[in-house]
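Spelled out as C-alpha cells, the structure:
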C-alpha cells in the first residue's frame with residue numbers, strides 16, 4: 207500500500223524550462239510535506255517543505271503548490287539547470303505518538319536537464 | 008556535509024556474517040532513524056528512536072537489530088542477512104516536534120551488498 211504516489215518516474219527538460227513533479231497522498235494525518243533532492247552516492251537532502259495551511263511556498267527557483275482538498279502537491283523548478291539533474295522525492299510526515307516523525311516517501315522522479 | 012555521519016560507506020558481507028552500521032549526528036537532535044533505500048522502491052522507514060527510546064519498528068525482520076546508546080549515536084546490527092537485503096541504508100535525525108524544525112537530515116548512507 208503506497209500512501210504517497212509520485213509522478214512522473216522520469217523527466218527530461220531542456221535548460222531554462224520548467225520541471226513539474228506531482229504527488230498525491232491519502233492519509234489526512236500528514237502535517238508536513240517536504241521535498242528531497244538526491245544526487246548519486248549521496249543521501250537525500252531537504253530542498254523545500256510546506257505545511258498544509260499554506261497553498262504555495264516559493265524559495266528561489268523552487269515552488270511547492272499544495273491543494274489540501276485534493277490531497278495533492280507538486281514541485282515546480284523554474285529555469286531548470288543541468289545542475290538540477292537528480293532524483294527528487296516527495297514525502298509526507300506524521301508525528302509519532304512516542305516522539306519523532308514518520309516520513310512516507312514517494313517513489314522518486316529522475317530529472318535530467320539537457321543543454 | 009549534513010551533520011549526520013555514517014560508517015562504513017560500503018559493506019560487502021556474506022549471509023553468515025555479523026556486521027554493524029554506525030551513525031552519528033552532530034546536530035543536537037533528539038530523534039534518529041534508519042531507512043532502507045532499494046532500487047525502484049520508495050525509501051522505507053525501518054526504526055525510529057526518540058531520546059534513545061525506540062518509538063517505531065516498521066515490521067522489520069529480526070535479523071536487523073537497532074541500538075541507540077544515546078541521542079547522538081545509532082547502530083544497526085546485521086546478522087544472517089539475505090541477498091535481498093542488499094540496499095542503501097540511510098540514517099537520519101530530526102528535532103523533536105515543538106522544539107524547532109521537524110525536517111529530517113540524512114547521512115550519505117551505507118551501500119550494503121549481501122553475497
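Protein chains in written order, with the working numbering: chain G, 207 to 321; chain D, 8 to 122.
Even glycine gets a Cβ: it sits at the ideal position worked out from N, Cα and C.
Around the beta-carbon of residue 43 (chain D), 16 or more other beta-carbon atoms lie within 10 Å, marking it buried.
Under the three-state reduction of DSSP, residue 288 (chain G) is assigned to helix. Beta-bridge pairing by DSSP links residue 98 (chain D) to D:41.
When the beta-carbon positions are compared, residue 248 (chain G) and residue 13 (chain D) stay at least 8 Å from each other. Where residue 274 (chain G) is concerned, there is no enclosing beta strand (DSSP E), because DSSP gives it neither an H nor an E.
Within chain G, the residues whose beta carbon sits less than 9 Å from that of residue 111 (chain D) are 240, 242, 250, 252, 297, 299, 307 and 309, listed in sequence order. Sorting G:307, G:215 and G:216 by C-alpha distance to the C-alpha of residue 63 (chain D) places G:307 at the top. Residue environment: residue 68 (chain D) is assigned as exposed (fewer than 16 neighbouring CB atoms within 10 Å of its CB, all protein chains considered). Residue 96 (chain D) has its alpha-carbon roughly 20 Å from the corresponding atom of residue 77 (chain D).
With respect to chain G, the C-beta atom of residue 32 (chain D) has no partner C-beta closer than 8 Å. For the options D:53, D:98, D:19 and D:99, the alpha carbon positioned closest to that of residue 90 (chain D) is the one of D:19. Put simply, the backbone Cα of residue 226 (chain G) is about 9 Å away from that of residue 217 (chain G).
Check the Cα spacing between residue 310 (chain G) and each of D:51, D:34, D:17 and D:99: the tightest is with D:51. Short of 7 Å from the beta carbon of residue 10 (chain D), and not among the five residues preceding or following it, lie these beta carbons of its own chain, in chain order: 32, 33, 34 and 112. Against chain G, the CB of residue 38 (chain D) has a partner CB under 8 Å away; the residue lies at that interface. Residues 300 of the same chain have their beta carbon placed closer than 7 Å to that of residue 235 (chain G), with the five preceding and five following residues left out of the count.
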